[in-house]
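Notes to accompany the following structure.
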Amino acid sequence: MRAEIPSSIENPRLHEIVTKCSTHGPCGIDYLGTPFMEAGQCKKMFPKEFQTETTMNVSGYPLYRRRPGDTAYVRGREMDNRFVVPYNPYLLLNAHINVEIFTCLRAVKYIYEYIYKRFDCANMVLTAGQIQHNEIENYIYARNVSAHEAMWQFLESHIHYRSH
1 MRAEIPSSIE NPRLHEIVTK CSTHGPCGID YLGTPFMEAG QCKKMFPKEF
51 QTETTMNVSG YPLYRRRPGD TAYVRGREMD NRFVVPYNPY LLLNAHINVE
101 IFTCLRAVKY IYEYIYKRFD CANMVLTAGQ IQHNEIENYI YARNVSAHEA
151 MWQFLESHIH YRSH
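Here the sequence shown is numbered in our numbering, starting from 1 and rising by one per residue.
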């Protein structure tokens, strides 16, 4: 796991992918109108603090090594290692892939919720007459089953086990 801008001389391809896909922003005082900002602060807690080595905080979350010095121009702005989203160079395939290390039990809950999360849905109908709500019909038409959930149901597997 890394959270630093790679050298453009030693690994130009990785440098290009990281600066394109694994940098956060722009956010900060100069960008108060961006979706990342809420009440004058970045919702994702960027920029991160510089760190000389990777450590774990008291909650079990990693504080990745982010040394000062390396910078790159991203989206017209000079960014340093404080704005790099953690990445794995072997998994970063010219796409936005967010990889994190967890050492706590909350990670199991996060993975479960991520796999079975639902998409946002809105249903709007304009009618001239009386409005009739059919919750069953709305559920059927608006239901989205992910590939994971469809396969799980097809194999008739239990989502969770009960002792009684």
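Every residue, glycine too, gets a C-beta built ideally from N, C-alpha and C.
query                                                                                                                                  : result
In its own chain, which residues sit with a C-beta less than 7 Å from the C-beta of Glu100, not counting the 5 before and 5 after it?  : Pro86
Helix, strand or coil for Asp30? Go by DSSP, reduced to three states.                                                                  : helix
Round the Cβ separation of Thr34 and Ala72 to the nearest angstrom and send it over; I've been treating them as touching at under 8 Å. : Between Ala72 and Thr34 the Cβ distance is about 19 Å, and since that is not below 8 Å, they are no contact.
Between Arg2 and Pro89, how many whole angstroms is the CB-CB distance? I'm expecting something under 8 Å.                             : 6 Å
Going by the beta-carbon positions, is the gap between Ile82 and Lys44 smaller than 8 Å?                                               : Ile is not the amino acid found at residue 82; the sequence shown has Arg there. The answer is no: Cβ separation not under 8 Å.
Out of curiosity, what's the CA-to-CA distance linking Pro12 and Ile5?                                                                 : 11 Å
What's the C-alpha gap between Asn138 and Lys117?                                                                                      : 18 Å
I think Glu53 touches Arg66, with their Cβ atoms under 8 Å apart; what is that distance to the nearest whole Å?                        : Going by Cβ atoms, the distance from Glu53 to Arg66 rounds to 10 Å, so no, they are not a contact pair.
Once you ignore the five residues that flank Met79 on each side, which residues in its own chain have a CB closer than 7 Å to its CB?  : Thr23, Gly25, Thr71, Ala72
Taking the straight line between their C-alpha atoms, what separation do you get for Cys167 and Asp30?                                 : The structure shown does not extend to residue 167, since the chain spans only 1 to 164, so no value can be given for it.
Assuming Met79 is part of the beta strand (DSSP E), what are its boundary residues?                                                    : 77-80
Out of Gly76, Ala95, Ala107, Asn94, which has the shortest C-alpha to C-alpha gap to Gly60?                                            : Ala107
Is the distance from the Cβ of Phe46 to the Cβ of Pro68 below 8 Å?                                                                     : no
Shortest alpha-carbon distance to Arg75 belongs to which of Lys109, Cys21, Val145?                                                     : Cys21
Got a sec? Which residues, its chain only, sit under 6 Å from Leu14 by beta carbon, not counting five neighbours each side?            : Pro6, Pro89
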